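In our numbering, the protein residues as written are 269 to 853. Virtual Cβ for every residue (Gly too), placed ideally from N, Cα, C. These figures come from a predicted structure and were not determined experimentally. Scroll down for the structure; my scribbles are underneath it.
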């Protein structure tokens, strides 16, 4: 996990609803039949533990927690033999007939949502005066609990969480439902790393009671930490309030703490109205600047200055990733999750990556020669001059072994084209470097070293490949620097250090100033031109980096799942030993 400031804010609440490990009913929401019993029995029933009691078809197993609106029980749905979470409205809520009516209306609306990133509402019902709602159960943690235990996650995992939460919002907003209380406690994470957003349709009911406490000293609650400015000042809210709250939640996810904190709820709320959050880019300089800008745009004070839809967020998040995953173009009511490669044999990883890097054996030699020649003319005429004037000093300080048994040609270009015809002959490529050390021949010498580096990879001579990639990664000329960084990313992955590999990929995706430019704005008043190094790679190297990123994500997800399993085991052990129960939503 990435390091960040310590978490702040309210105490953690236990997740009680989310992904069920068993099939979830996708049909219309059912309303349980209401017995003829009087409501006067509700107070007596709710004052005792309902363990083993039946509410409709649900057998209460054990109490999971207690929140401001309801008590939460783990229950068995006897008809389907599966676990669900059942929320029982508090007795003071049941006494308010208008509140109960709104509760049913909101729950029915939430029950119409069916999406893999949204907790599914299954049944609403009443028995003996008890109003209850049954929904999916998650044996997992909410995001606040995870942050408290592990701190901010690495970039790939953070993106996975953000993208799935945004997908949930888009699905709800398309259905005309606004959550109104997006916060870490309502974002559930399963052992597999899947995200479920809970309490759609129910948040407004909770907030109506909580707003009365905003001016009391010593109040500690989750909502003001993530509340939008329009919620604070009592203005009419729409779906963009969820975008603001998701932005604040993402800020917490990436930095380790909410952007605004204070001694009282009202002091926090006022900061949402008046203060700008500290720059996320300054707090986490390792993050892609584009991602930081996305989060800050989500948190704009004026709703018109925010993203106008969650789909727009997803579109920009696609630019943060380097693989251009086509799944990002899927409709927002589909799950957009990170690709999984568990169906691909791990032993073929090197072959798949290197097949993408090395030249195609089906190309005729003449085509390879003309492609290289054209590339040399374009780069040599357009950028090689600037690149080599501004390159780091003495890039060949670490000399490679001299070539032997290779005929010397009259020029570096001739030597290079001869090596092209020899294809996988390392000595032929080495001859370009050894026979033509003059700076005037640097361009073809570097082309030769690029071919040598990829050949070293195919032969699993990683140390020799690393020496070349490391030198190229220090060059100022963007194309060669991009090649060096891409090679480093591939190598770190092949060596088993996926975290370091992903950090190098993040450098490839971040914009940089081209060599020879200054911080002064252009004479025409336009923006300072920047280059994204990933865009400088050829198609084959891009493919290799994309494959590497897929494998990084897969491995990091597995590592995270293992860590979560350890957390869950400790939690289950504490519960089995009679430890204190967490609070529900």
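Taking residue i as the reference, give the member of the options with the closest Cα.
i	options	result
residue 411	432, 403, 397 and 741	432
residue 465	510, 554, 376 and 673	510
residue 438	362, 583 and 353	583
residue 419	823, 742 and 520	520
residue 862	453, 810, 586 and 508	Residue 862 lies beyond the stretch modelled for the chain, which goes from 269 to 853, so this question has no answer here.
residue 518	369, 532 and 545	545
residue 585	413, 555 and 386	555
residue 427	558, 444 and 711	558
residue 383	443, 337 and 330	443
residue 448	467, 461 and 397	467
residue 808	780, 755 and 434	755
residue 576	434, 532 and 548	434
residue 714	826, 745 and 731	745
Does DSSP put residue i in a helix, a strand or coil?
i	result
residue 585	helix
residue 690	helix
residue 236	In the structure displayed, the chain extends from 269 to 853; residue 236 sits before or after that span and is not available.
residue 601	Per-residue confidence for residue 601 stands at a pLDDT of 36, beneath the threshold of 50, marking its modelled position as unreliable; no derived number is given.
residue 759	helix
residue 801	helix
residue 573	helix
residue 338	strand
residue 859	The displayed coordinates of the chain run from 269 to 853. Any statement about residue 859 would go beyond what the structure contains.
residue 567	coil
residue 326	strand
residue 530	coil
residue 780	strand
residue 869	There is simply no residue 869 to check, as the chain begins at 269 and stops at 853 in what is shown.
residue 349	coil
residue 700	helix
residue 333	strand
residue 504	coil
residue 362	helix
residue 752	helix
residue 837	helix
residue 344	strand
residue 772	helix
residue 674	coil
residue 356	strand
residue 319	coil
residue 216	Lying before the first or after the last residue shown, residue 216 is absent from the chain, which here runs from 269 to 853.
residue 221	Missing from the structure shown is residue 221; the chain here goes from 269 to 853 and no further.
residue 394	strand
residue 806	coil
Check whether the Cβ atoms of residue i and residue j sit closer than 7 Å, and answer yes or no.
i	j	result
residue 400	residue 356	yes
residue 457	residue 409	yes
residue 492	residue 525	no
residue 513	residue 430	no
residue 719	residue 697	yes
residue 505	residue 567	no
residue 392	residue 365	no
residue 776	residue 753	yes
residue 395	residue 348	no
residue 361	residue 829	no
residue 540	residue 497	yes
residue 345	residue 326	yes
residue 320	residue 824	no
residue 804	residue 721	no
residue 701	residue 687	no
residue 389	residue 378	yes
residue 381	residue 440	yes
residue 680	residue 712	yes
residue 352	residue 402	yes
residue 748	residue 737	no
With a threshold of 7 Å on Cβ separation, who are the neighbours of residue i within its own chain once the five nearest residues in sequence on each side are excluded?
i	result
residue 692	723
residue 769	757, 760, 761, 816 and 820
residue 674	695, 696 and 699
residue 599	The pLDDT assigned to residue 599 is 34, lower than 50, so where the model puts this residue is not dependable, and the model offers no usable value.
residue 417	835
Within its chain, find whatever has a CB closer than 6 Å to the CB of residue i; leave out the 5 residues flanking it on each side and keep chain order.
i	result
residue 551	523
residue 283	Note that residue 283 has pLDDT 41, beneath the 50 cutoff, so the model's placement of it is unreliable and no number is given.
residue 562	584
residue 264	Because residue 264 is not part of the residues shown, which for the chain are 269 to 853, the question remains open.
Using 6 Å as the cut-off, classify the Cβ of residue i as near or not near the heavy atoms of the ligand HEM, replying yes or no.
i	result
residue 753	This structure lacks the ligand HEM, and indeed carries no ligand of any kind.
Keeping to the same chain, check which residues put their C-beta closer than 8 Å to that of residue i; ignore five residues upstream and five downstream.
i	result
residue 543	528
residue 840	none
Query - Unbroken stretches of the beta strand (DSSP E), 3 residues or longer, contained in the segment 398-484 - result: 398-404, 455-457 and 463-465
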